[in-house]
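Take a look at the structure set out below.
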Amino acid sequence: MERMRGMTQEVLLGRSGSEAALVQEIDELRKERKAVILAHYYQPPEIQQIADFVGDSLQLAQQAAQTAAEVIVVCGVHFMAESAALLCPDRVVLIPELNAGCPMADMVEPALLRATKEKMPGALVVCYINSSAAVKAESDICCTSANAVQVVASLPPEKPLLFIPDKNLGHWVQSKTGRKMLFWEGYCPVHHDLSAAEVRIAKEQYPKAKVLVHPECRPEVIALADEVFSTAGIIRYVGKTSAQSFIIGTEEGILYQLNKQYPERKFYLASPVLRCHNMKMIDLIKLRNTLQTLSPRVLVPENIAVAANRSLNRMLALGSF
Ligand code: 13P
Ligand code: SF4
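238 is the number of the first residue of the sequence shown in this note's numbering; add one for each residue after it.
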């Protein structure tokens, strides 16, 4: 996570005329609106550059929960803006592209979740933050990829668990905690697309490289990895290890941060298809327009917000790991 406010002359000189003008406009609007710009690590480089904070899903929720800004612009996908809106009901929460959704979040229908819960009386529902507010409202506690192991470990051992929507993250958490769980049939199409064969090829090509993957990857991909982390965890790990080269099994947007923070290390994407199109829907023009018009705004209906907030806040109360 980092702070990047105030575009210097040096940064401006490195951009094309129109991009520099846009950056300046965004900077002025941000001050005028008393806004904070939060961006996920999968966002395009120009958005990560201009953001006040860049982080993983957990860090973005934590930032939203503690910011004093009047306007919060979330550069990410819809559930991230919705989480910010839940945590800051008295602020204006904006997303520069309303259609930037998460296909995995769409894999759970609240009605089907309700019907499934009826068949599992007494079970607790652990809900990955990549889900709609309506689904969070039907759940007992949220988790992110950074804290899923600790969230599950915190739950009473005698309770049956249903983990939604990411079966891959669920399998990984089960392998780390030894806790048996039922999984929803959901997955991230981007991470699920990465095959074990592709990772094996990358390992043959770069035998000295450490393999770092996101827990949204398939179990057989995780089995080939040296380490499994959230996006922020991958970035932190590179800073702590003496290894010089890495095969990265997560969305390509992270390469911008890795190359920026560790320019002397080598990073190889495990597959060229690790690209989330939803994460790439936001650009500088849409960000400028959002700050100008204070729209599109993300609002959560009161009846959903109360229960969804309970799940989110139970997670945040467990703290950082
Ligand atoms: P995090 O590492 O932020 O949990 O990212 C997962 C993801 O896919 C966000 O959409
Ligand atoms: Fe959803 Fe996967 Fe894109 Fe993240 S990378 S927003 S989980 S589709």
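The beta-carbon is built from N, C-alpha and C at its ideal position, and this holds for glycine as well.
Computed from a predicted model, the values in this text were never measured in an experiment.
Could you spell out where the alpha helix (DSSP H) holding residue i opens and where it closes?
i	result
H428	P426 to H429
V410	K404 to T414
N496	I491 to Q498
A374	A370 to A374
K417	Premise fails: K417 is in no alpha helix (DSSP H) and is neither H nor E.
N546	E539 to A554
I284	P282 to I287
V510	It is not in any alpha helix (DSSP H) - V510 carries neither H nor E in the DSSP assignment.
E441	A433 to Q442
In the DSSP assignment, find the beta strand (DSSP E) that holds residue i and state where it starts and stops.
i	result
I459	Per DSSP, I459 belongs to no beta strand (DSSP E); it is in the alpha helix (DSSP H), P456 to I459.
G292	F290 to G292
L392	Element bounds for L392: n/a, residue is neither H nor E.
V345	Careful: V345 lies outside any beta strand (DSSP E) and carries neither H nor E.
May I have the straight-line CA-CA distance separating residue i from residue j, to the nearest angstrom?
i	j	result
V543	K447	43 Å
A305	H514	31 Å
E256	A383	34 Å
N540	S369	14 Å
P333	L524	5 Å
Y278	Y505	17 Å
Q286	K497	10 Å
K503	L461	19 Å
C379	C364	5 Å
P397	A302	30 Å
W421	K268	43 Å
A371	N526	28 Å
L528	L324	20 Å
D377	T530	36 Å
A360	E265	50 Å
S548	S320	11 Å
E489	N405	19 Å
K440	V465	16 Å
Q300	C454	26 Å
A554	L521	34 Å
V314	N367	9 Å
L259	S467	32 Å
R473	L295	14 Å
P577	R416	This structure leaves residue 577 out entirely; the chain is present only between 238 and 558.
P500	L331	33 Å
Q442	P281	27 Å
Q494	L297	16 Å
L392	F400	12 Å
Who does residue i pair with in a DSSP beta bridge?
i	result
F483	K447 and F504
Y365	C380
E464	L449
C312	A276
R525	Answer is none; R525 lacks a bridge partner.
G423	D403
R534	L331
L323	Looking at the DSSP assignment, L323 forms no beta bridge with any residue, so it has no partner.
L398	L361
Using 8 Å for Cβ pairs, my map puts residue i next to residue j. What's the rounded Cβ distance?
i	j	result
A469	D289	Wrong, their Cβ atoms sit about 16 Å apart, outside the cutoff.
P347	E375	6 Å
M344	G423	4 Å
V310	L275	7 Å
S482	E435	S482 to E435, Cβ: 17 Å. No contact.
M518	A337	4 Å
A480	V458	Incorrect: roughly 19 Å between the Cβ atoms, too far for contact.
I485	L449	6 Å
H408	H428	Contact doesn't hold; Cβ gap of about 12 Å is too wide.
V386	K413	5 Å
V535	A272	Rounded, the Cβ-Cβ distance is 14 Å, inconsistent with contact.
V308	V329	5 Å
K354	V362	7 Å
Within the 8 Å Cβ cut-off, does residue i reach chain C?
i	result
P393	Absent from the structure: chain C. Only one protein chain is present.
Cβ-heavy atom distance between residue i and the ligand PLP below 7 Å?
i	result
T478	The model on display carries the ligand 13P and the ligand SF4 but not the ligand PLP.
Around the ligand 13P, which residues pass a check of Cβ closer than 5 Å to any of its heavy atoms? The chain-ordered list of residues whose CB is nearer than 5 Å to some heavy atom of the ligand 13P reads D293, S294, T381, S382, S467 and T468.
Whose CB is closer than 7 Å to a heavy atom of the ligand SF4? List the residues in chain order. Y279, V314, C339, P340, M341, A342, N367, C425, P426, V427, H428, E453, E488, C513, N515 and M516
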